[in-house]
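*Asks:* Residues 129 to 400 (this note's numbering) make up the sequence shown, in order. Quick reminder that beta carbons are idealized off the backbone N, C-alpha and C, glycines included.
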Amino acid sequence: SKGGANERTGKPLAPKTIRHNLSLISDVFSYAVKVGVAADNPCSKVTLPKDTPKEKKIYTREEVERFLTLLNSEPLKYRVFFNLLIYSGFRRGEMLGLEWKDVDFDNEIISVRRTSNYTAKKGIYTDTTKTRKSQRTLKFPKEIMDMLREYKDEQDAEALRLGDKWHETDRLFVKWDGRPMQNGTPYFWLGEFCEKHGLPFYGIHSYRHLFASLLVNQGVDIVTVSGALGHSVVSTTSNVYCHMLQEARAKVSEAVSNALDFNKKKDEKNSA
129 SKGGANERTG
139 KPLAPKTIRH
149 NLSLISDVFS
159 YAVKVGVAAD
169 NPCSKVTLPK
179 DTPKEKKIYT
189 REEVERFLTL
199 LNSEPLKYRV
209 FFNLLIYSGF
219 RRGEMLGLEW
229 KDVDFDNEII
239 SVRRTSNYTA
249 KKGIYTDTTK
259 TRKSQRTLKF
269 PKEIMDMLRE
279 YKDEQDAEAL
289 RLGDKWHETD
299 RLFVKWDGRP
309 MQNGTPYFWL
319 GEFCEKHGLP
329 FYGIHSYRHL
339 FASLLVNQGV
349 DIVTVSGALG
359 HSVVSTTSNV
369 YCHMLQEARA
379 KVSEAVSNAL
389 DFNKKKDEKN
399 SA
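1. Mapping DSSP to helix, strand and coil, what is asparagine 367?
2. Okay, do the segment 336-350 and the segment 209-222 touch, 3+ Cβ pairs below 8 Å being the bar?
3. Report the rounded CA-to-CA distance for leucine 276 versus phenylalanine 301, giving the unit in angstroms.
4. Which same chain residues end up closer than 6 Å to tyrosine 330 when comparing Cβ atoms and leaving out the 5 residues on each side of it in sequence?
5. Can you look up glutamate 227 in the DSSP assignment and give me helix, strand or coil?
6. Between which two residues does the beta strand (DSSP E) carrying aspartate 255 extend?
7. Any idea what DSSP makes of arginine 299, helix, strand or coil?
8. Count the other CB atoms within 10 Å of the CB of glycine 96; is the residue buried (16 or more) or exposed (fewer)?
9. Decide yes or no for the touch test of the segment 286-300 against the segment 226-237: beta carbon pairs closer than 8 Å, at least 3 of them.
10. Taking 9 Å as the CB-CB limit, is lysine 293 close to chain E?
11. Can you find the residues in the same chain that come closer than 7 Å, C-beta to C-beta, to phenylalanine 157, ignoring five residues on each side of it along the sequence?
12. If distances are taken between C-alpha atoms only, which option among Gly132, Lys267, Thr364 and Ser262 comes closest to aspartate 232?
13. Where do the N-terminal and C-terminal ends of the beta strand (DSSP E) with asparagine 245 fall, by residue?
14. Just how far apart, CA to CA, sit glycine 251 and serine 366?
15. On the criterion of 16 or more Cβ atoms from any shown chain inside 10 Å, does glycine 319 qualify as buried, or is it exposed?
16. Do valine 192 and phenylalanine 218 have their C-beta atoms within less than 9 Å of each other?
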């Protein structure tokens, strides 16, 4: 947690990174104790630095509406990407891992089955989802599926035009020649788009938080929200979106009070 711990940036390691590192080392020592090459696990004596959760930056309804309006004049590929992102809450790797065989146009559903990731050493590579429960299927409104159909036609036409220069990968989001899109491409495109139009830039993951907040504010139960987000356990959803859930619960008592107040006024009016 001290300055310089991150060799790349010279900054302290993030609390989440520290927890992950401790967990890995603890697993090694636990196995060493199990097989009899260590007497105990020293990680059990470590006190982690206090992690103060940062408030998640989420777009307001007005900002999202403006964003979607401005998006209508942009290339179809990015219109599809960000509309789909808002309506699904998919992780970036899950979005980039989508293939056309995952899209069921007849039933208007899309399934997450893999992720597309990148490292400097490996380049772009396909991997499994974050957890088993991250493999999920969501239903989408007709307007999103219509947009996807239009995008599929556009991509097929481009593949035909390029001929043998086109790489057939079945991916939805690709480079000009059909190869999987670079993971940083939508992030940098969004940054430039927001700067051009004077919109706040909160990054790609903020749309996942937006999706969660929309579900919570509409009264969707926590188990359903957790399943839609692909969290392995419901407690993850509760911990990450604790503040949102508290606000939603507060609105429950307000709604009851408003309903009772309305009925009281109605009775008084009838009596008069």
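*Replies:* Checking against the coordinates, here is how it stands:
1. helix
2. yes
3. 11 Å
4. Lys185
5. strand
6. 251-255
7. strand
8. In the structure as shown, the chain begins at 129 and stops at 400. Residue 96 is therefore absent and cannot be evaluated.
9. yes
10. No chain E is present in this structure, which holds just one protein chain.
11. Ala166, Asn169, Pro170 and Cys171
12. Lys267
13. 243-247
14. 35 Å
15. exposed
16. no
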